[in-house]
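Working notes, structure below.
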Amino acid sequence: MLIVGERINASRKNIKPAIETRDAGLIVKEATDQVNAGAHLVDVNAGVFVKKEVEYLPWLVETIQAAVDVPLCVDSPDPKAIEAALAVHKGQPMINSISLEEKRFEEILPLIGKYKAKVVALCMSDKGMPKTADERYDIAAELIERLTKAGVPLGDIYVDPLVMAVSTDSSFGIEFLRAVRRIMEGHPGVHTICGLSNISYGLPLRKQINQIFASMAMAVGLDALIIDPLDTKMMANILTAETLMGGDPYCAGYLAAYREGRFE
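The numbering of the sequence shown is our numbering, which starts it at 39 and goes up by one.
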């Protein structure tokens, strides 16, 4: 399971002022803590700074990569800000995200090729947000076809079928799971990813819902998550699910984590 740490987001009350004041110490600590907790990539999002994002994102990339040896997931609605960040990134970055919205697709596709980036491919089109598994699958299939035709390796594509709140429609959870299964079975070699916290929006005990839904998504093939890796119960849940699904030979990872006290 690929873990993308989500904590360096300017919408968080401690991150926004840290970016504005160039508080490298706080940003580095956030990045280091996430990597130490098991993140394979660190997401960076400065989207609340509409006019200064093109300035802040490269600073975040350089600051974090000076401290931790992991790639970053560059998360922005602004293609210019994404390119500014990619230009200073070391190693293979991830772009978050491209979609089937034509303007977005045309803006982001050249950046994927230029910087040899992995990419989150969002199941969204100019028709809006898909609701059913079939709608998600159709968008995913077209995205995969267009990206691979443009030379993007299948293994660099991370399809996000869109998690939506079950509090607004009780079918949203199962439709997402059906979509993941269809995408993974229909396109061997592609990846699926999501930020799953939307599933519990508006409900009590959100962390419990998120943890259970993560296991359910993994069981149908989801192989990447954008989460807070400092949520120790979530990380323990993911490791346990991987073990039960046969992804942890001889339960070595599970036993090592237990000895290290990571389940407490």
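The beta carbon of each residue, even a glycine, is placed where N, CA and C say it ideally should be.
Linking TYR175 to ASP286 through their CA atoms gives a straight-line distance of about 29 Å. Put simply, of ARG244, LEU181, ALA279 and GLU280 the residue whose alpha carbon is nearest the alpha carbon of CYS161 is LEU181. In the DSSP assignment, no residue is bridged to MET167.
For GLY43, the beta-bridge partners assigned by DSSP are VAL80 and ILE265.
Distances from the alpha-carbon of ALA84 to those of ALA75, PRO96, ALA77 and SER163 put PRO96 closest. Assignment of LEU98 by DSSP, reduced to helix, strand and coil, places it in the helix class. Counting other Cβ atoms within 10 Å of its Cβ, ALA188 stays below 16 and is therefore classed as exposed. Between ALA217 and CYS232, the C-beta gap is not smaller than 8 Å, which leaves the two residues out of contact. For TYR94, the closest C-alpha among the options VAL126, GLY166 and GLU68 is that of VAL126.
Here ALA159 is not near MET132, since their CB atoms are 8 Å or more apart. Per the coordinates, the alpha-carbon of LYS89 lies some 13 Å from the alpha-carbon of ILE120. When DSSP states are grouped into helix, strand and coil, LEU200 belongs to the coil group. Inclusion of VAL82 and ILE102 in the CB contact set at 8 Å is warranted, their separation being smaller than that value.
Counting C-beta atoms within 10 angstroms of its own C-beta, ASN52 has fewer than 16 neighbours from the protein chains shown and is therefore classed as exposed.
Going by DSSP, ASN134 is part of the beta strand (DSSP E) stretching over 132-138.
According to the DSSP secondary-structure assignment, LYS156 is paired through a beta bridge with MET132.
ASN74 sits exposed, since fewer than 16 C-beta atoms from the chains shown fall within 10 Å of its C-beta. Judged by DSSP in its simplified three-state form, MET283 adopts coil rather than helix or strand. DSSP places THR70 inside the alpha helix (DSSP H), whose first and last residues are 62-74.
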